[in-house]
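Novice: This structure is in structure tokens; I'll ask about it shortly.
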Amino acid sequence: MKQERNCSARKTETMENIPPTQQALLQHTKRAVYQAGIWTTCHQAQQQTPTAEGCGWTLDAETKSWVPVWSSQPAAAKAVSELVKCACKSAAGCGGRCSCKKASWKCTELCSCKCEK
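For what it's worth, the UniProt record's numbering labels the leading residue of the sequence shown as 1, then goes sequentially.
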């Protein structure tokens with residue numbers, strides 16, 4: 001029973017469950033402080049709001065709207081995908097149950113399978 005809970009818990013581990021980086025937290029904090037600064041001046045008839053540039057926001061040139069800066073670092077998807085491994089045990093190679101194939105990834109050197117890497 002305990003083993004079943006551990007196995008089912010592992011199946012729900014996804015990229016969305018990985019905590020944000022320090023840079024993502026910094027950008028979120030900048031946006032929150034900027035918003036709080038605007039709210040503290042809401043009682044004024046003429047607000048002197050600073051530009052959102054550099055406060056966790058950037059101006060999209062196409063749409064002319066402000067979009068959040070999620071992080072100043074590149075996405076880690078490529079580096080993380082190189083650490084993914086399957087546990088296929090088939091001597092014939094990976095089949096339909098391969099976690100790498102299900103995610104549309106190629107098997108890596110870390111995989112225990114016999115397929116072409």
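No residue lacks a Cβ here, since even glycine has one placed at the ideal position from N, Cα and C.
None of the values given here were measured: they were computed from a predicted structure.
#1: Going by DSSP, name the residue or residues bridged to residue 53.
#2: My output table needs one value for residue 99: the three-state DSSP class, helix, strand or coil.
#3: If you reduce the DSSP assignment to three classes, tell me which class residue 67 lands in.
#4: Taking all protein chains shown into account, decide if residue 73 is buried (16 or more other Cβ within 10 angstroms of its Cβ) or exposed.
#5: With a threshold of 6 Å on Cβ separation, who are the neighbours of residue 88 within its own chain once the five nearest residues in sequence on each side are excluded?
#6: Please work out which residues of its chain come closer than 6 Å, Cβ to Cβ, to residue 69, disregarding the five sequence neighbours upstream and downstream, and give them in chain order.
#7: Following the continuous alpha helix (DSSP H) through residue 23, name the residue where it begins and the one where it ends.
Specialist: In short:
#1: 57
#2: helix
#3: strand
#4: exposed
#5: 94, 98, 113
#6: 27, 56, 58
#7: 22–40
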